[in-house]
Each structure stands twice: as structure tokens, then as C-alpha cells.
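Residue numbers (the working numbering): 1 to 336. What follows is one structure encoded as C-alpha cells, with my remarks underneath.
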Amino acid sequence: MSIEQLAETAQAMVAAGKGIIAIDESTGTIAKRFDGVGIPNNEENRRAYRELLLTTPNLSEYISGAILYDETLRQSTRDGVPFTKVMTDNGIIPGIKVDKSTHPLAGFPGEVITEGLDGLRDRLKEYYKLGARFAKWRAVITIGEDIPSGTCIEANSHALARYAALCQENGLVPMVEPEVLMDGSHDIETCYEVTEVTLRSLFDALYNHNVMLEGTILKASMVLPGKSSGEKVPVEEVAASTLMCLKSAVPAILPGIVFLSGGQSDEDATAHLDAMNRMGPHPWPLSFSYGRAMQQAALKLWSEDLANNVPRAQETVYARAKDNGLAALGQWSKAA
């Protein structure tokens with residue numbers, strides 16, 4: 001695929017007022033979500049839940065793409081229509097999570113490295129044939145006593161860059177996600193410093209691996225104090241700090257930035273995105289790639305009656321998509 005085609009896909013992913021829904025939870029992760037609301041974790045329930053999300057009426061008004069898990073990419077609706085066909089027929093771009101999760105970084109206690117590069121080229125070729133047009137790889141940076149180390153940041157940036165180059169070689173837009181975790185007692189200034197260093201390392205690695213930035217999307221974490229810090233920061237301060245950090249480290253040629261919710265409440269994630277867009281214009285579109293913040297309310301509703309609550313759950317999914325789509329334009333209102 002040419003860089004022009006990759007760039008076109010990347011731009012469509014961050015079209016005005018649209019964002020990405022992340023439904024790429026692994027079997028183990030979705031088991032925890034299901035357990036929390038009393039749903040048995042079996043393949044049929046996972047399939048039915050993903051069908052509920054992907055067939056939400058008018059979802060494409062606010063959703064440009066969806067990140068899927070390997071199992072989901074291969075599944076179909078109850079009527080036998082492949083999910084990828086349902087998506088493309090409705091103007092939603094199929095994406096795929098390709099990393100194999102985090103593992104301890106040898107020699108660096110408390111830090112992790114994302115694995116999954118072995119065999120990735122062949123997996124990407126298969127995913128493209130199955131209909132995926134973008135991919136996602138998540139790196140995790142933890143803030144704590146004497147961490148993160150430079151080694152951890154550089155190792156994860158190097159892996160993200162190798163993944164991104166392989167994606168583009170095989171016709172998929174890479175979504176690079178260097179998540180700085182909210183876990184910890186750090187203040188917002190520390191988060192800013194770590195996020196900036198991480199982003200600078202990432203884009204240096206992407207450059208060194210000849211990754212074409214015009215065909216790449218950044219999935220970023222917001223600049224926030226640690227969850228156990230006790231620090232209360234106004235919405236506008238989070239927005240301003242995040243913007244300043246991004247502008248100091250992210251090249252303007254990038255087609256767009258989507259944010260992860262990262263443990264924020266549904267409303268906080270929306271409010272912060274809205275505040276950032278109200279402070280525009282910016283060098284790139286700022287949108288969302290939310291998972292739990294898009295799904296949790298719908299999952300709870302569905303769990304109360306799997307057979308009959310699908311329409312009500314879908315209404316909730318649509319409402320969350322609309323709220324975040326408006327926030328991506330800086331037009332969300334809490335009272336709406």
C-alpha cells in the first residue's frame with residue numbers, strides 16, 4: 001500500500017467529530033469485565049457482546065473505526081455476516097490489536113516491556129487479508145520510585161517503532177500507544193515530565209526506523225496526577241498541561257492524536273477531551289480511542305437481561321459515542 005493510501009486511512013480515522021472505539025480486550029481482560037457484572041465468559045457471550053457494540057444503529061455518525069481482538073476479527077454476527085463486513089458496510093474501519101501484552105523487563109524490577117514482535121510480519125499479512133486496515137500496539141510506562149528508567153522507555157519505543165514499520169510494510173496504519181499509567185502517587189508535574197520524555201523517545205525511534213508519520217496515529221495518555229496522589233486538578237489544567245506536552249514533542253505532520261481514557265471516569269475523559277478542543281486550533285485533530293469509557297454503562301445494562309436489553313445497551317453506546325464525538329469538536333455540554 002502506498003503512503004498516500006496509508007495517509008488517507010489515517011485521516012479517515014480522525015475525521016472531524018469521530019473517534020475510535022476500543023473493543024480489543026483479551027479473553028482474560030474481558031473475563032474480568034464480565035465477572036464484574038455476572039456474565040459467563042464464553043465464546044458465544046463474547047461474540048454476542050461485540051455484535052451488540054458493532055451493530056449499534058448509526059454508530060458511524062461518531063465512530064470512525066474499532067480496534068478488535070484476534071478472536072473478534074474472525075467472528076460474525078448471529079446471522080453469519082463477518083464483523084469486518086458489517087463495519088466496512090457502515091463506514092467503520094476495522095483495526096486489530098497485535099501486541100502480546102506486557103511482561104517483566106529483565107533487570108528492571110517494577111518495569112515492563114511489550115512483547116509480540118516475533119512472527120508479527122506474517123500475522124499482519126493475515127490480518128490485512130481478514131479486513132483490518134490499522135493496528136494497535138500498547139507500551140506501558142509506570143511512574144514510581146526511581147522509575148521509569150531510560151532503558152525501559154527506550155526499549156518500549158524501539159518495539160513500537162519496529163511494529164510501526166512492519167505495519168506500514170503490510171498496508172496497515174500503525175496506532176502507537178505509549179501509555180503513562182495513572183497508577184501511583186505522583187503529581188501532575190511528574191506525569192508531564194515522564195510523558196514528554198516518552199514521546200520524544202518514541203518519535204526519535206519512529207524516525208530512525210523510517211516510519212512515515214503521515215501514515216501513523218498516536219494514541220496518547222493525558223497528563224494527570226497519580227490516582228493515589230490525592231491531588232485534585234481542574235479540567236482546564238489537565239487540558240492545558242496535556243496540550244503543552246504534546247506540542248513540545250509531537251511533530252505537526254502526524255495526521256491525528258486519539259486519547260485513551262486510562263482509568264478516568266467516563267465523564268472526566270469526555271470533559272478533558274472537550275476542554276482541549278476548545279483551546280484550539282491545534283496542529284493535529286484531537287479525538288478519542290476509548291474502551292471502558294465507551295462500554296461500561298452498556299455492559300452493565302446488557303448484563304441485567306442478555307436476551308432483551310440489547311436495544312437499551314446500544315442506546316447507551318450511541319450516547320457515549322455522541323458525547324465524545326462532540327468533545328472531539330469542542331462542542332460537548334455536560335447538560336446535553
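The beta-carbon is built from N, C-alpha and C at its ideal position, and this holds for glycine as well. These numbers were taken from a predicted model, which means no experiment stands behind them.
| Per DSSP, residue 259 is paired with what? | 220, 288
| Buried or exposed: which applies to residue 97, given that a residue is buried once 16 or more other Cβ atoms fall within 10 Å of its Cβ? | buried
| field | Span of the beta strand (DSSP E) around residue 134 | value | 134–141
| Opening and closing residue of the beta strand (DSSP E) in which residue 65 lies | 63–68
| C-alpha distance - residue 249 paired with residue 203, whole-angstrom precision | 8 angstroms
| request: Measure the CB-CB distance between residue 269 and residue 239 and report whether it falls below 8 angstroms. | output: no
| query | So what does DSSP say about residue 81, is it helix, strand or coil? | reply | coil
| What does a CB cutoff of less than 7 angstroms around residue 12 pick up in its chain, not counting 5 residues either side in sequence? | 64, 93
| Residue environment, residue 277, which counts as buried when at least 16 other CB atoms sit within 10 Å | buried
| task | Below 8 angstroms CB to CB, which residues in the same chain sit around residue 84 once its five sequence neighbours on both sides are set aside? | result | 73, 94, 130, 131, 132
| task | Tell me, to the nearest whole angstrom, how far the beta carbon of residue 205 is from that of residue 257; I am working on the premise that it is less than 8 angstroms. | result | Contact flag wrong, Cβ pair sits at about 17 angstroms.
| said: By DSSP's criteria, residue 97 is part of a beta bridge. Which residues make up the other side? | reply: 136
| request: Would you identify the three-state DSSP class for residue 157, choosing helix, strand or coil? | output: helix
| query | Hey, quick one: how far does the beta strand (DSSP E) through residue 9 stretch, first residue to last? | reply | No beta strand (DSSP E) contains residue 9, which is instead part of the alpha helix (DSSP H) from 3–13.
| task | Starting from the Cα of residue 287, find the closest Cα among 327, 251, 297, 310 and give me that residue. | result | 327
| said: Quick test of your reading: residue 347 and residue 188, contact by CB under 8 angstroms. State the CB separation rounded to the nearest angstrom. | reply: Because the chain is modelled from 1 through 336, residue 347 falls outside the range shown and cannot be assessed.
| said: Closest to residue 30 by C-alpha separation, out of 138, 210, 108, 299, would be which residue? | reply: 299
| task | May I have the straight-line CA-CA distance separating residue 236 from residue 271, to the nearest angstrom? | result | 9 angstroms
| task | Sort out for me which residues DSSP pairs residue 20 with in a bridge. | result | 65, 289
| request: Could you please give me the residues that DSSP links to residue 233 through a beta bridge? | output: DSSP lists no partner for residue 233.
| request: Quick one: residues in its chain with C-beta nearer than 8 angstroms to the C-beta of residue 336, no 5 flanking neighbours on either side, listed in chain order? | output: Note that residue 336 scores a pLDDT of 47, beneath 50, so its modelled location is shaky and nothing firm can be said.
| message | Using only the alpha-carbon positions, how far apart do residue 42 and residue 76 sit? | response | 15 angstroms
| Run through DSSP, which three-state label would residue 36 get? | helix
| What do you reckon, are the CB atoms on residue 33 and residue 71 nearer than 8 angstroms? | no
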